[in-house]
Amino acid sequence: MFLNHYPVTIFDFQQLDVYKKAKGFHIEIQQFISLNSLHRSITDQLYRASLSIPINIAEGSGRFSKSDRRNFFIIARSSIFETIAILDILHYSNDITEQQFNSLSN
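If you read the sequence shown in our numbering, its first letter stands for residue 185, the second for the next number, and so on.
Written out as structure tokens, the structure reads:
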């Protein structure tokens, strides 16, 4: 395949620290979901919200106009807030521990 001639990271967004952190955060959420028995709708929403963060950072970095990039970065930021809100509700309802909440929200 023609991609074998290119370095492993051919997309600029893969070098962004914010993208790397967002990707790592999503992996942490995936691991959290797999280790905890939560309602299916909660795990689905939590998974999708955390996945939306790196995806929107990547998509926004590919846009040419500042306003287009900004819109995707706003969506990524909103997805972070959504993810933390879900974790906060789980913590408030005692579905996750204080330690789990603090670990994932910091």
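Glycine included, every Cβ here is placed at the ideal spot set by N, Cα and C.
> Can you check whether the CB of N240 is closer than 8 Å to the CB of S263?
Replying inline: Contact check for S263 against N240 passes: the beta carbons are separated by less than 8 Å.
> Excluding the five sequence neighbours on either side, which residues of its own chain have a C-beta within less than 8 Å of the C-beta of I217, listed in chain order?
Replying inline: Closer than 8 Å at the Cβ level, and outside the excluded window around I217, lie T227, L230, Y231.
> By how many angstroms is the C-alpha of V202 removed from the C-alpha of Q283?
Replying inline: 24 Å
> Can you tell me whether DSSP reads H275 as helix, strand or coil?
Replying inline: helix
> In chain order, what residues of the same chain lie with their CB nearer than 8 Å to the CB of F285, ignoring the 5 residues before and after it?
Replying inline: L271, D272, L274, H275
> Per DSSP, what kind of secondary structure is T281 in: helix, strand or coil?
Replying inline: Reduced to three states, the DSSP call for T281 is coil.
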